[in-house]
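Note sheet for the following structure.
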Amino acid sequence: PGHFVLHARNPARHLHVGGRTVNFGPVNGAPHIRDLEGGRRYGDIEAFRNILKLTHALGVLHWQGGIVVEPVDLPVPIRHLHTYQAHIECADIVWAARGIGGVQAQDAIAMSALEHGCSIEALAGRPTLMTVTNVNSPRRVDEEILDNIMVMARHGQCVVITPFTLMGAMAPVTLVGALVQQTAEALGVIALCQLLRPGTPCVLGGFTSNVDMRSGSPAFGTPEYVQAVLAGAQLGRRLKLPVRTSAVNASPAVDAQSTYETAFSLQAAILSHSHLINHAAGWLEGGLSASLEKIVVDAELLRNWAEILKPLEFGDDDLAVDAIKEIAAGGHFFGAAHTLARYESAFYRPLLSDWSSFEAWTEAGSRDATERATGIWKKLLTEYVPPPLDPAVREALADYLARRARELGHPVR
């Protein structure tokens, strides 16, 4: 379908996919976690939960990515169980299953049914999950990914299929050639989903970008990436399918490069009217790291765009004709009744930006945006309040995890 709804535990946070909607999701799939205080290190379940807490607290992200950072401290066979439990406990919005493995998909469906207090069969008519998977371009879907897709499709859950078409590496070096391959690969998997269960909610994913032809490294936020996003979304509209893109960068640090590459990617995704914008907060190093500071920096971008995209609505009083008459030529509006009635909520109030003078900024420690972001994420985690979760659901999830861990040979101790 061209539009569908994924149901969150919190009814106010249902995810509408398609039509006029634009939705943001956080970083996904990073093996490393980074912050200014702890440096770069492999992810663990604590870092995983912290990212979920931040995305919940920030309020500008619309779903939780499947593996926001890889928790390598957990045994691989049961890692997915702990991440699903974290998704349900740390937030109340739609979350994504791990995009690899049929067993992992089946467990996600079972745990989502427990979260929503319904049977597995009932989820098919009221989807709650998505899986974000990749074609191993060119023209190959790995067996583990295929198993994942087929389980999700048979149960009527959302499949987001994204060919990994890097121009000059896994796809033709020309933009239009790469888009031909991207579209064909995605449609092939979407067709399979419809054969397995007609009406399965599917999303046409696009991730076409170029590589550095001197090193072979992926590049993101480039002119070619932007053009691929814009053209790929046009193809999605022609096919009457929802579209997934990303807000990505290839910078090795939370710096100007990471910000402008992300800004180019994000602007293209929004102007193309992509329905799901993945990796929109925290992505760094071409996806090799999830950065806590970058989550905050990106949240500022997302919050700004959310304000920009609000329709401009006004009435006679907003035209301020009486206020204009009230103020003498050469005067100011600070003390006008019209201003005093509105000043507290008149403008967007930034999360991260510092609008102080140079002298005040220097006196406060001369902290740049990245350093200020550290203070913000630490404050958000300190003040984090988990969303409500029925104790019976929490207990049922723990029992399910313990049983499945025993069955998979890694009993919980």
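Residues 511 to 923, numbered by my numbering, are exactly what the sequence shown covers, in order.
Cβ coordinates follow ideal geometry from the N, Cα and C atoms, glycine included.
Legend entry - For P897 and N520, believed in contact at Cβ under 8 angstroms, the rounded distance: On the sequence shown, residue 520 is found 10 positions in, with the first residue counted as 1. On the sequence shown, residue 897 is found 387 positions in, with the first residue counted as 1. Yes, they are in contact, since the Cβ atoms of N520 and P897 sit about 7 angstroms apart, within 8 angstroms.
Legend entry - For I610 and G924, the rounded distance between their alpha carbons: Residue 924 is absent from the structure shown; the chain starts at 511 and stops at 923.
Inset, instruction - Output the residue ranges of the alpha helix (DSSP H) runs that lie fully inside the stretch 697-768 and measure 4 residues or longer, sorted by chain position. - result: 733-748
Inset, instruction - Starting from the N-terminal side, write out each stretch of the alpha helix (DSSP H) that is 4 residues or longer and does not extend beyond the stretch 788-831. - result: 802-818
Inset, instruction - Can you check DSSP and say which residues form a bridge with L676? - result: Walking along the sequence shown from the start, residue 676 turns up at place 166. Answer by DSSP bridge pairing, in chain order: S719.
Legend entry - Through-space distance from E547 to S799, alpha-carbon basis: Translated into the one-based positions of the sequence shown, residue 799 becomes position 289. Translated into the one-based positions of the sequence shown, residue 547 becomes position 37. S799 and E547: Cα-Cα distance of roughly 15 angstroms.
Legend entry - Option in C600, Y594, I603 and E631 with minimal Cα separation from Q504: Residue 504 is absent from the model: the chain starts at 511 and stops at 923.
Legend entry - Bridge-paired residues (DSSP) for L516: Residue 516 sits at position 6 when you count from the first residue of the sequence shown. BP columns for L516 point to L525.
Inset, instruction - Could you name the residues that DSSP lists as bridge partners for V582? - result: The count along the sequence shown starts at 1 and reaches residue 582 at position 72. BP columns for V582 are empty, so no partner.
Legend entry - For I671, three-class secondary structure by DSSP: For the purposes of this step, residue 671 is taken as residue 161 along the sequence shown, with counting starting at 1. In this structure, I671 counts as strand in the three-state DSSP scheme.
Legend entry - Own chain partners of L822 with C-beta closer than 7 angstroms, once the 5 adjacent residues on each side are dropped: To locate residue 822, count along the sequence shown from 1; it is residue 312. Correct list: empty, nothing qualifies.
Inset, instruction - Answer yes or no: do H665 and I619 have a C-beta to C-beta separation smaller than 8 angstroms? - result: For this step, residue 665 is matched to residue 155 along the sequence shown. For this step, residue 619 is matched to residue 109 along the sequence shown. Closer than 8 angstroms, so yes.
Legend entry - Sheet register partners of A540 (DSSP bridge): One-based indexing of the sequence shown puts residue 540 at position 30. Note: A540 sits in a beta bridge opposite V579.
Legend entry - Opening and closing residue of the beta strand (DSSP E) in which N646 lies: For the purposes of this step, residue 646 is taken as the residue at position 136 of the sequence shown. No beta strand (DSSP E) contains N646, which DSSP labels as neither H nor E.
Inset, instruction - Would you mind stating whether A741 and V807 have Cβ atoms separated by less than 8 angstroms? - result: Working through the sequence shown from its first residue, we reach residue 741 at position 231. Working through the sequence shown from its first residue, we reach residue 807 at position 297. No, these two residues do not count as a Cβ contact at 8 angstroms.
Inset, instruction - Between the Cα of H920 and those of A557, P511, P536 and V586, spot the shortest distance and give me the residue it belongs to. - result: Sequence index remark: in the sequence shown, residue 920 carries index 410 (1-based). Among A557, P511, P536 and V586, the Cα nearest to that of H920 belongs to V586.
Legend entry - C-alpha distance - E734 paired with A634, whole-angstrom precision: For the purposes of this step, residue 734 is identified with residue 224 of the sequence shown, where counting begins at 1. For the purposes of this step, residue 634 is identified with residue 124 of the sequence shown, where counting begins at 1. Going from the Cα of E734 to the Cα of A634 covers about 39 angstroms.
Legend entry - W573 in three-state terms, based on DSSP: Taking the sequence shown and counting its residues from 1, one reaches residue 573 at position 63. Of the three classes helix, strand and coil, the one that applies to W573 here is strand, per DSSP.
Legend entry - Uninterrupted alpha helix (DSSP H) stretches inside the stretch 604-635 (no shorter than 4 residues): 612-626 and 630-633
Inset, instruction - Please look up how many angstroms separate the CB atoms of L907 and I588, rounded, as I've assumed it's under 8 angstroms. - result: Counted from its first residue, the sequence shown places residue 907 at position 397. Counted from its first residue, the sequence shown places residue 588 at position 78. In fact, because the Cβ distance is near 14 angstroms, the residues do not count as touching under 8 angstroms.
Inset, instruction - Look up F534 in the DSSP assignment and give the residues it is bridged to. - result: Start at 1 with the first residue of the sequence shown, and residue 534 comes out as number 24. According to DSSP, which records beta bridges pairwise, F534 is partnered with I787.
Legend entry - Separation of L776 from G796, as counted between CA atoms: Taking the sequence shown and counting its residues from 1, the one referred to as residue 796 is at position 286. Taking the sequence shown and counting its residues from 1, the one referred to as residue 776 is at position 266. So the two alpha carbons sit approximately 15 angstroms from each other.
Legend entry - 6 angstroms CB neighbourhood of M554 in its chain, flanking five on each side removed: For the purposes of this step, residue 554 is taken as the residue at position 44 of the sequence shown. One point to set straight first is that residue 554 is Asp, not Met, in the sequence displayed. The answer, listed in chain order, is P581 and D583.
Inset, instruction - Could you have a look at T641 and say whether DSSP puts it in helix, strand or coil? - result: Here residue 641 refers to the residue found at position 131 of the sequence shown. Three-state result, T641: strand.
Inset, instruction - Please classify E771: is it buried, with 16 or more other beta-carbons within 10 angstroms of its beta-carbon, or exposed? - result: Position 261 of the sequence shown holds residue 771. Under this definition E771 is a buried residue.
Inset, instruction - Apply the 10 Å Cβ neighbour rule to I603 and answer buried if 16 or more other Cβ atoms are within range, or exposed otherwise. - result: The residue given as residue 603 occupies position 93 in the sequence shown. I603 is buried by the Cβ-count criterion.
Legend entry - Pairwise C-alpha distance: A557 and R877: Counting from one through the sequence shown, the residue named residue 877 turns up at place 367. Counting from one through the sequence shown, the residue named residue 557 turns up at place 47. Their backbone Cα atoms lie some 25 angstroms apart in a straight line.
Inset, instruction - Only counting runs of 4 or more residues, tell me where the alpha helix (DSSP H) segments fall wholly within the stretch 829-901, in order along the chain. - result: 831-836, 847-850, 868-873 and 879-893
Inset, instruction - Look at Q692 and A681 and say whether their C-beta atoms are less than 8 angstroms apart. - result: Translated into positions along the sequence shown, residue 692 becomes position 182. Translated into positions along the sequence shown, residue 681 becomes position 171. In this structure, A681 lies closer than 8 angstroms to Q692 by Cβ.
Legend entry - Nearest neighbour of L590, chosen from V739, A833 and M621 [CA to CA]: Translated into positions along the sequence shown, residue 590 becomes position 80. The amino acid occupying residue 590 in the given sequence is His; Leu does not appear at that position. Checking every option, the nearest Cα to that of H590 belongs to M621.
Inset, instruction - For F774, count neighbouring C-beta atoms within 10 Å of its own C-beta (all shown protein chains included) and say buried if the count is 16 or more, exposed if not. - result: Residue numbering aside, residue 774 sits at position 264 when the sequence shown is read from its first letter. By the 10 Å Cβ count, F774 comes out buried.
Inset, instruction - Using the Cα positions of S867 and P541, report the straight-line distance between them to the nearest angstrom. - result: Position 357 of the sequence shown, counted from the start, is the residue given in the question as residue 867. Position 31 of the sequence shown, counted from the start, is the residue given in the question as residue 541. Using only the alpha carbons, I get a separation of about 39 angstroms.
Legend entry - Best match in K750, E653, V690 and A606 for proximity to V669 [C-alpha to C-alpha]: Translated into the one-based positions of the sequence shown, residue 669 becomes position 159. Among K750, E653, V690 and A606, the Cα nearest to that of V669 belongs to A606.
Inset, instruction - Kindly identify the DSSP beta-bridge partner or partners of R551. - result: On the sequence shown, residue 551 is found 41 positions in, with the first residue counted as 1. Paired residue(s): I543.
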